[in-house]
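> Residue numbers (UniProt numbering): 1 to 123. The C-beta atom is built at its ideal place from N, Cα and C for all residues, glycine as well.
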């Protein structure tokens with residue numbers, strides 16, 4: 001449905017707008033843009049990178065391994081305790097929206113991907 005170029009543009013806009021949402025300086029037009037760009041990213045990723053079975057913890061764990069980072073290093077970057085990161089990785093708790101955005105930035109993940117995985121599925 002969307003091209004890779006459109007996806008990359010939308011992803012860049014989402015990542016640029018997230019900090020404004022976190023510090024509550026986002027205007028109404030920016031909120032609309034974020035919603036539209038998030039939909040573009042989600043649509044593209046659902047088509048090209050189906051990850052419905054991953055929990056948030058699995059996604060964070062995978063990203064940490066890919067980047068060669070430890071949970072403790074991520075905790076330091078985020079300014080939180082290592083036990084909180086462990087809780088996220090083990091799907092014992094979920095981050096706030098603001099913290100989810102910071103996790104995206106720290107791990108180079110799509111915000112839409114992380115937010116879409118925010119509800120773990122338990123067997």
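When you compare the CB positions of residue 110 and residue 104, do they come within less than 8 angstroms of one another, or not?
Here residue 110 refers to the residue found at position 110 of the chain shown. Here residue 104 refers to the residue found at position 104 of the chain shown. Yes, they are a contact pair.
> Between which two residues does the alpha helix (DSSP H) carrying residue 60 extend?
Against the chain shown, residue 60 aligns to sequence position 60. It spans 56 to 67 - the alpha helix (DSSP H) in which residue 60 sits, taken as one unbroken run.
> Secondary structure at residue 46, three-state DSSP: helix, strand or coil?
Position 46 of the chain shown, counting from 1, holds the residue named residue 46. Here residue 46 sits in helix by DSSP.
> With a threshold of 8 angstroms on Cβ separation, who are the neighbours of residue 17 within its own chain once the five nearest residues in sequence on each side are excluded?
Along the chain shown, read from residue 1 onward, the residue named residue 17 stands at position 17. Closer than 8 angstroms at the Cβ level, and outside the excluded window around residue 17, lie 26, 30, 33, 34 and 37.
> Report the three-state DSSP secondary structure of residue 96 (helix, strand or coil).
Sequence index remark: in the chain shown, residue 96 carries index 96 (1-based). The answer is coil: DSSP assigns residue 96 none of H, G, I, E or B.
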